[in-house]
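Position 143 of the sequence shown, counted from 1, bears residue number 145 in our numbering, the numbering being contiguous throughout. We put the CB at the ideal spot given by N, CA and C, even for glycine. To start, the structure under review is shown below, and the notes come after it.
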Amino acid sequence: MKQIKIVTDSTVDLPQEKINDLSIHVIPLNISISGVDYIDRINLQPDEFIEKMEAAEELPKTSQPAIGQFVELYEKLTADGSEVLSIHLTGGMSGTVQTAESASKMVDGNITVIDSAFISQGLGFQVLKAAELAKEGASSEEIIKEVEKIRLKTKLYVTIDTLENLVKGGRIGRGKALIGSLLHIKPIASLTDGVYTPEANVRSYSALVRYLTKQYVQAVKGRTVQAIGIAHADALELAEKLKAALLEHTPDALIDIAYTTPIISCHTGKGAIGFAFYTD
Numbered sequence: 003m004k005q006i007k008i009v010t011d012s013t014v015d016l017p018q019e020k021i022n023d024l025s026i027h028v029i030p031l032n033i034s035i036s037g038v039d040y041i042d043r044i045n046l047q048p049d050e051f052i053e054k055m056e057a058a059e060e061l062p063k064t065s066q067p068a069i070g071q072f073v074e075l076y077e078k079l080t081a082d083g084s085e086v087l088s089i090h091l092t093g094g095m096s097g098t099v100q101t102a103e104s105a106s107k108m109v110d111g112n113i114t115v116i117d118s119a120f121i122s123q124g125l126g127f128q129v130l131k132a133a134e135l136a137k138e139g140a141s142s143e144e145i146i147k148e149v150e151k152i153r154l155k156t157k158l159y160v161t162i163d164t165l166e167n168l169v170k171g172g173r174i175g176r177g178k179a180l181i182g183s184l185l186h187i188k189p190i191a192s193l194t195d196g197v198y199t200p201e202a203n204v205r206s207y208s209a210l211v212r213y214l215t216k217q218y219v220q221a222v223k224g225r226t227v228q229a230i231g232i233a234h235a236d237a238l239e240l241a242e243k244l245k246a247a248l249l250e251h252t253p254d255a256l257i258d259i260a261y262t263t264p265i266i267s268c269h270t271g272k273g274a275i276g277f278a279f280y281t282d
């Protein structure tokens, strides 16, 4: 039966039950640890990844899906005349969306590829709404319009507990990391226009929670909060503290906490938090 089918990638950080219930199709990214290749969330789960990453001498490497995976899935989904909306993590952090775009041009079906400009639950907000609207029978134009609205209204912050992975990845020098470690500096960044953008440095978990809560309160003032999500890299206790602080300001909010994809924790290291929300 003709319908609109939703495709995304494994950085989406949505609960598996929602993915199943809404028939969302997920293309996994790839991870290499100490010369061994894994498929994100297929033969490597987020908690397992943290353990393997901690034990590895070198920083694990991540890579986008092969173009053939997209072509094969797109051909399968459009074979009955259905349309495909393929929504992916920001092109500022991965070539996945560009690969999806190239694959869409190799298939005869009606495929629209969207750069979410986000990752993790920021991406998840768009994918979830698209899948819900598709299930309700909305047109592709209506879905795309709503997804664009969500993108413009979303804020996403990332906090880092250890600078070690930034050193291994060549993002900062070891001397700077040593100073940061001695001062207990925890960088906070936002994802702005799809690009990782430094925002602030704090020196304690309590200061981190205060900063994020303050940003949230200022951003949602006079608006209706549509969704809030927290993702963590083996930092559930910190995620729960942030959730409690947010609930003091928005008591009726439903706040999802997820264990983030290895694609993110590979770059941030253990202890990182991702915090996303969007308003009307």
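Taking threonine 101 as the reference, give the member of Val160, Ile89, Gln47 and Gly111 with the closest Cα. Ile89
Cα-Cα, which of Gly93, Gly37 and Val115 is closest to lysine 7? Val115
Would you mind listing the alpha helix (DSSP H) stretches within the segment 187-253 that are 4+ residues and don't spill past its ends, in chain order? 207-222 and 238-251
Beta-carbon contacts of glutamine 66 that lie in its chain and below 8 Å, excluding the five residues immediately before and after: Leu31, Asn32, Ser96, Gly97, Thr98 and Thr101
If I follow the unbroken beta strand (DSSP E) through asparagine 32, where does it start and stop? 32-35
From the DSSP output, which residues share a beta bridge with threonine 281? DSSP lists Val227 as the bridge partner or partners of threonine 281.
Isoleucine 6 in three-state terms, based on DSSP: strand
DSSP three-state assignment for leucine 360, whether helix, strand or coil: For the chain, the structure presents residues 3 to 282; residue 360 sits outside this window and is missing.
Outcome for aspartate 11 when other beta-carbon atoms lying within 10 angstroms are tallied against a minimum of 16: Classification for aspartate 11: buried.
N- and C-terminal bounds of the beta strand (DSSP E) containing leucine 16: For leucine 16, no beta strand (DSSP E) segment is defined, and its DSSP state is neither H nor E.
Helix, strand or coil at leucine 46 according to DSSP, with G and I counted as helix: strand
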